[in-house]
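Be aware that the sequence shown starts at 99, since it is given in this note's numbering, and climbs by one per residue.
See structure below.
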Amino acid sequence: MNVTPHRKGVLPAAIRWAFAATSVALLLSSCSQSLILHLKEGQCVNLPAEASAATIDVLPCTSAHDAEIVGIEEITENALPPESTLEELAFTQCHAHFTRYIGVDANDSQLDAMWLLPTPASWKAGDRSIVCLAVVSDDSPLTASVKDTHY
99 MNVTPHRKGV LPAAIRWAFA ATSVALLLSS CSQSLILHLK EGQCVNLPAE ASAATIDVLP
159 CTSAHDAEIV GIEEITENAL PPESTLEELA FTQCHAHFTR YIGVDANDSQ LDAMWLLPTP
219 ASWKAGDRSI VCLAVVSDDS PLTASVKDTH Y
């Protein structure tokens with residue numbers, strides 16, 4: 099997956115995340131890991147620090163976390179679109195999901211919009227989703243859900 103932050107006043111920059119096609123789901127005390135393919139709107143997550151990840155930590159939104167999933171946009175094309183096309187789609191759709199979920203446009207929010215994009219490897223594994231996220235602008239952790247906060 100690619101992770102793309104959108105910071106106000108800065109052009110989006112892609113950071114590559116290679117997607118491994120297989121993983122084992124683990125249950126940890128208050129945190130579980132989920133395949134990146136199986137994420138859902140409303141989940142709170144910690145973004146993996148390593149360059150290659152097939153799973154992502156899903157936590158209760160009351161625990162410190164990096165991001166909250168504000169929407170999932172399904173890609174309907176049969177072939178993986180060019181990255182520039184995915185970036186344009188993600189920018190448009192994730193901003194719409196962000197506004198609906200948070201209650202304020204990303205440009206007027208204290209939060210930033212970010213997204214995960216499929217890579218060629220994850221596409222082959224069945225990944226057809228753009229995962230839209232809300233993160234804190236200064237990268238500090240969130241400790242509650244941001245849904246309908248107008249934050």
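We put the beta carbon where it would ideally sit given N, CA and C, even for glycine.
Nothing here was measured: the structure is a model prediction, and the numbers come from that model.
Three-state secondary structure (DSSP) of residue i
i	result
glutamate 185	helix
serine 227	strand
histidine 163	strand
alanine 204	helix
threonine 153	strand
alanine 219	helix
alanine 194	helix
tyrosine 199	helix
leucine 126	For leucine 126, the predicted structure reports a pLDDT of 32, less than 50, and the residue's modelled location is therefore unreliable. A value from the coordinates is still provided. Looking at leucine 126 - three-state DSSP - the assignment turns out to be coil, as it is neither helix nor strand.
serine 121	The predicted model places serine 121 with a pLDDT of 25, which falls under 50 and marks its position as unreliable; any figure quoted below should be read in that light. Three-state result, serine 121: coil.
Beta-carbon spacing of residue i, residue j below 8 Å
i	j	result
valine 244	isoleucine 170	no
glutamate 334	alanine 232	Examination of residue 334 is not possible in this model, given that the chain is present from 99 through 249 alone.
isoleucine 200	leucine 214	no
histidine 195	valine 168	yes
Which listed residue (the options) has its alpha carbon closest to that of residue i
i	options	result
alanine 204	Gly224, Gln191 and Leu215	Gln191
serine 220	Thr247, Val234, Ala177 and Gly140	Ala177
arginine 226	Gly140, His248, Ala242 and Thr174	Thr174
alanine 147	Glu139, Asp164, Gly140 and Gln141	Asp164
alanine 188	Ala223, Pro216, His248 and Ile154	Pro216
serine 238	Gln141, Glu139 and Leu145	Leu145
valine 143	Arg198, Ala223, Val234 and Gly224	Val234
valine 202	Tyr249, Lys222 and Ala223	Tyr249
glycine 224	Glu139, Glu172, Glu185 and Asp155	Glu172
threonine 197	Thr241, Lys222, Asp246 and Gly140	Asp246
Segment contact, 8 Å Cβ cut-off, at least three pairs: the stretch 158-165 with the stretch 177-193: no
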